[in-house]
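Trainee:
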Amino acid sequence: MKLKIAIQKSGRLYDDSILLLKECGIGISHRPNQLKTEASNFPLEIFFLRDDDIPQYVEDAVADIGVVGENVVFETEKQVDVVEKLGFGRCRLSIAINRTETYTGVSSIHGKRIATSYPVLVKQFLQRNGVEAEIHEISGSVEIAPGIGLADAICDLVSSGSTLLTNGLKEVETILQSEAVLIRNLHLDPEQIKLLDKLLFRIKAVKKARNNKYILLNAPNHNLQKIVSLLPGMKSPTVVPLAEPGWSSVHSVLNENEFWEIIEKLKEAGAQGILVVPIEKMIL
Ligand code: PRT
Ligand code: ZN
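For the sequence shown, the numbering used here gives the first residue as -8, with consecutive numbering after it.
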């Protein structure tokens, strides 16, 4: 019994998909142009496919699960379940117009021609907003469409925004926020679900670890209570006495989001020798 997973063959999601599986302790060796491989130490078969095809393969149970951008899941409208957000491949699907044009709201798009590779999502957006516009489906280099007179606006994925900038465009509406997700076939059997749960348990531990750092510091005992109160820890911080009288070593786990703010406060409270180390796995 093996679980079959589809990941992108090459492209923006490839490296992070492989890295995630590796951090889950799954050994993979993949040569370029190889379409299929087996993990060495987990009952997992890996298929390498174009991202646009992954939802269809998962719906048809050619693959049991897959890693793909939410944008592709929603655009293809296949019958699959989104099981877990994976925290990479973040981008947004946005409408952009010429930088020189004025924009006063969605109604500014009315009657315009929009070039996009996401006709389904654009159509839904227009309907939601009661706006009519012409959708021109094109498969690539969408951002040059206004410049060559093919369209008045575009709807495409944006991450840093530099592609829009270099093409003289400005972002005016965000239709969707997206990141890579794990999807599954709707009719897995109990054995497959067991394997999926095992994989998910590992993925969650890796994700948690990525969002947290282990912190060690020296605290003067007279301010120990204050310093400990600043630190959350998995249950509560660990405090051990240092060889030097009057000082303690404090260990804890900090979330990436609150990290810098807490470090500042710790320093103000007299913490010294602050060490911050990455966590490999985190199981609560
Ligand atoms: O060959 P295959 O069909 O598998 O690959 P692909 O060329 O269709 O997809 P690929 O590898 O470009 O993207 C795969 C997935 O990565 C997408 O479906 C998104 O979920 C995610 N992703 C994240 C992005 C971006 N960020 C992104 N910036 N996909 C595309 N872009 C493009 C965008 O289309 C535009 O051309 O990058 C440009 C904009 O980038 P910035 O940084 O200039 O804003
Ligand atoms: Zn694609």
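Even for Gly, the Cβ is constructed at its ideal location relative to N, Cα and C. As the structure is a computational prediction, the values presented were derived from the model and not from experiment.
Which runs of the beta strand (DSSP E) at least 3 residues long sit entirely within the segment 190 to 233? Give them in chain order.
Mentor: 203 to 211, 229 to 232
Trainee: With DSSP run on the structure shown, which of helix, strand or coil describes V268?
Mentor: Translated into positions along the sequence shown, residue 268 becomes position 277. Correct three-state label for V268: strand.
Trainee: Which same chain residues end up closer than 7 angstroms to N202 when comparing Cβ atoms and leaving out the 5 residues on each side of it in sequence?
Mentor: Locating residue 202 in the sequence shown gives position 211, where the first residue counts as 1. Result list for N202: N246, E247, in chain order.
Trainee: Taking 6 angstroms as the limit between beta carbons, can you name the residues of its chain near A262, skipping five residues before and five after?
Mentor: In the sequence shown, the residue the question calls residue 262 occupies position 271. Contacts found: L208, A210, I218.
Trainee: Is the beta carbon of D6 within less than 8 angstroms of some heavy atom of ligand 2?
Mentor: Along the sequence shown, read from residue 1 onward, the residue named residue 6 stands at position 15. No.
Trainee: When the distance is taken between beta carbons, is I56 closer than 9 angstroms to K(-5)?
Mentor: Locating residue -5 in the sequence shown gives position 4, counting from the first residue. Locating residue 56 in the sequence shown gives position 65, counting from the first residue. Yes, the Cβ-Cβ distance between K(-5) and I56 is below 9 angstroms.
Trainee: Can you say whether D42 is buried or exposed, counting buried as having 16 or more other CB atoms within 10 angstroms of its CB?
Mentor: Locating residue 42 in the sequence shown gives position 51, where the first residue counts as 1. Buried, by the Cβ-count rule.
Trainee: Can you tell me whether L148 is helix, strand or coil according to DSSP?
Mentor: Start at 1 with the first residue of the sequence shown, and residue 148 comes out as number 157. Strand.
Trainee: Among G237, I19, L275, which one has its Cα closest to the Cα of Y351?
Mentor: This structure cannot speak to residue 351, because the chain is shown only from -8 to 275.
Trainee: Name the DSSP beta bridge partners of D22, please?
Mentor: As a first step, residue 22 must be located in the sequence shown, where it is residue number 31. At residue 22 the sequence reads Arg, which differs from the Asp that was named. DSSP output for R22 lists no bridge partner at all.
Trainee: Let me make sure I understand the geometry here. Which of R22, I265, V97 has the alpha-carbon closest to that of V122?
Mentor: The residue given as residue 122 occupies position 131 in the sequence shown. That would be V97, whose Cα lies nearest to the Cα of V122.
Trainee: Tell me which residues share the same chain as I254 and place their Cβ nearer than 7 angstroms to its Cβ, disregarding the 5 neighbours each side in the sequence.
Mentor: Taking the first residue of the sequence shown as position 1, residue 254 is located at position 263. For I254, the CB contacts under 7 angstroms within the same chain, skipping 5 residues up- and downstream, are I265 in chain order.
Trainee: Looking at the structure shown, is V71 part of a helix, part of a strand, or coil, going by DSSP?
Mentor: Counted from its first residue, the sequence shown places residue 71 at position 80. Coil, per DSSP.
Trainee: Can you tell me where the beta strand (DSSP E) holding V163 begins and where it ends?
Mentor: Working through the sequence shown from its first residue, we reach residue 163 at position 172. 160 to 169 is the extent of the beta strand (DSSP E) around V163.
Trainee: Under the rule that 16 or more other beta-carbon atoms within 10 Å means buried, what is R175, buried or exposed?
Mentor: In the sequence shown, the residue the question calls residue 175 occupies position 184. When all chains shown are included, R175 counts as buried.
Trainee: On the three-pair Cβ rule with 8 angstroms, is the segment 124 to 137 touching the segment 100 to 110?
Mentor: yes
Trainee: Following the continuous beta strand (DSSP E) through I293, name the residue where it begins and the one where it ends.
Mentor: The chain is shown from -8 up to 275; residue 293 falls before or after that span and cannot be answered.
Trainee: Can you tell which of R90, V111, N24 has the C-alpha that lies nearest to the C-alpha of E66?
Mentor: Position 75 of the sequence shown, counted from the first residue, corresponds to residue 66. That would be V111, whose Cα lies nearest to the Cα of E66.
Trainee: Taking the alpha carbon of V284 as the reference point, which residue from Q70, V64, L167, F39 has its own alpha carbon closest?
Mentor: In this structure the chain extends from -8 to 275, so residue 284 is not present and cannot be described.
Trainee: Answer yes if the segment 169 to 186 comes into contact with the segment 42 to 53, meaning at least three C-beta pairs across the two stretches below 8 angstroms, and no otherwise.
Mentor: Inter-segment contact for the segment 42 to 53 and the segment 169 to 186 is present: three or more beta-carbon pairs are separated by less than 8 angstroms.
Trainee: I'd like to check one pair, I17 with R193: are the Cβ atoms closer than 9 angstroms?
Mentor: What you label residue 193 is simply residue 202 of the sequence shown in a count that begins at 1. What you label residue 17 is simply residue 26 of the sequence shown in a count that begins at 1. Contact: yes.
Trainee: Measure how close the beta-carbons of K272 and A171 come, nearest whole angstrom, since I'm counting them as under 8 angstroms.
Mentor: One-based indexing of the sequence shown puts residue 272 at position 281. One-based indexing of the sequence shown puts residue 171 at position 180. Contact doesn't hold; Cβ gap of about 20 angstroms is too wide.
Trainee: Between the Cα of A144 and those of Y48, T154, N89, K185, spot the shortest distance and give me the residue it belongs to.
Mentor: As a working mapping, residue 144 is identified with position 153 in the sequence shown. Looking at the Cα atoms, N89 is the closest of the given residues.
Trainee: With respect to the beta strand (DSSP E) encompassing V58, which residues constitute its N-terminal and C-terminal limits?
Mentor: Taking the first residue of the sequence shown as position 1, residue 58 is located at position 67. Its beta strand (DSSP E) spans residues 56 to 60.
Trainee: Inspect the beta-carbon positions of V149 and L141 and report whether they are closer than 9 angstroms.
Mentor: Numbered from 1 along the sequence shown, position 158 holds the residue referred to as residue 149. Numbered from 1 along the sequence shown, position 150 holds the residue referred to as residue 141. No; because the gap between Cβ atoms is not below 9 angstroms, this pair is not in contact.
Trainee: N120: which of I135, S130, S99, E134 sits nearest, CA to CA?
Mentor: Position 129 of the sequence shown, counting from 1, holds the residue named residue 120. Nearest C-alpha to N120: S99.
Trainee: Run the proximity test for D147: is its beta-carbon closer than 8 angstroms to any non-hydrogen atom belonging to ligand 2?
Mentor: In the sequence shown, residue 147 corresponds to position 156, counting from 1. No, ligand 2 has no heavy atom inside 8 angstroms of this Cβ.
Trainee: What is the residue span of the alpha helix (DSSP H) that F276 lies within?
Mentor: In the structure as shown, the chain begins at -8 and stops at 275. Residue 276 is therefore absent and cannot be evaluated.
Trainee: Once DSSP output is grouped into helix, strand and coil, what is the label at E128?
Mentor: What you label residue 128 is simply residue 137 of the sequence shown in a count that begins at 1. DSSP places E128 in strand when its eight states are reduced to three.
Trainee: Specify the secondary structure class of I86 as computed by DSSP and reduced to three states.
Mentor: By one-based count along the sequence shown, residue 86 stands at place 95. Strand, per DSSP.
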